[in-house]
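Using our numbering, read the sequence shown as starting at 9 and increasing by one per residue.
Every residue, glycine too, gets a C-beta built ideally from N, C-alpha and C.
This report concerns only the one structure given below.
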Amino acid sequence: MTTKAKLLAVTLDCAEPRKLAAFYHEVTGLDIQYSEDEYAAVGDGTTNIYFGRVPGRKPAAWPGEGKQFHLDFRVPDVDKAVGEYVALGATRPDFQPGVTEEGTGWVVLRDPEGHLFCVCPERS
């Protein structure tokens with residue numbers, strides 16, 4: 009049997025770890041566990057996001073072939089959360105596959121360094 013691994017964290021490459029940790033602290037409410045120029049972390053002991061400094065990192069195009077991952081977050085009110093996250097420095101790309109004629113299913117945003125994340129409604 010294969011040894012089962014427990015996910016410790018997702019690490020995002022970025023130019024300014026301290027700044028990105030502060031952004032995700034506001035978005036998620038996760039505690040800032042560590043914050044330096046080269047490395048930062050937010051988490052609650054179970055869910056963790058780490059940020060490592062990579063000078064010159066360029067975000068992937070959206071939509072495009074270079075996208076390798078994105079984060080998904082559930083919120084009680086998508087429109088309200090999107091407005092708050094944009095006020096914190098996120099941007100809203102034009103291409104929105106989760107917005108249909110019936111309304112908003114989910115919204116794709118870019119964090120201040122261009123990483124994609126989706127703002128999803130809570131399940132009924």
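Of the choices the options, whose alpha-carbon is the least far from that of residue i?
{"i": "residue 58", "options": "104, 47 and 109", "result": "47"}
{"i": "residue 44", "options": "68, 28, 102 and 119", "result": "28"}
{"i": "residue 34", "options": "22, 49, 23 and 11", "result": "49"}
{"i": "residue 93", "options": "109, 108 and 120", "result": "120"}
{"i": "residue 19", "options": "11, 55, 10 and 37", "result": "55"}
{"i": "residue 14", "options": "103, 53, 23 and 102", "result": "53"}
{"i": "residue 22", "options": "65, 36 and 37", "result": "65"}
Less than 6 Å between C-beta atoms, sequence neighbours within five positions excluded: which residues of the same chain meet that for residue i?
{"i": "residue 61", "result": "25 and 46"}
{"i": "residue 84", "result": "130"}
{"i": "residue 99", "result": "118"}
{"i": "residue 41", "result": "49 and 51"}
{"i": "residue 112", "result": "86"}
{"i": "residue 32", "result": "50 and 57"}
{"i": "residue 110", "result": "none"}
Which residues bound the alpha helix (DSSP H) around residue i?
{"i": "residue 36", "result": "25-36"}
In terms of residue numbering, what span does the beta strand (DSSP E) encompassing residue i cover?
{"i": "residue 21", "result": "18-22"}
{"i": "residue 120", "result": "Careful: residue 120 lies outside any beta strand (DSSP E) and carries neither H nor E."}
{"i": "residue 124", "result": "124-129"}
Could you name the residues of the same chain whose beta carbon sits closer than 8 Å to that of residue i, not counting the 5 residues immediately before and after it, in chain order?
{"i": "residue 126", "result": "78, 79, 80, 81, 106, 114, 115, 116 and 117"}
{"i": "residue 68", "result": "74, 75, 76, 122 and 124"}
{"i": "residue 70", "result": "101, 103, 116, 118 and 124"}
{"i": "residue 38", "result": "32, 50, 51, 52, 55, 56 and 57"}
Return the chain-ordered list of same chain residues with a C-beta closer than 7 Å to the C-beta of residue i, the five sequence neighbours on each side being excluded.
{"i": "residue 16", "result": "56"}
Residue ranges of each alpha helix (DSSP H) within the stretch 38-107, 4 or longer: 86-95
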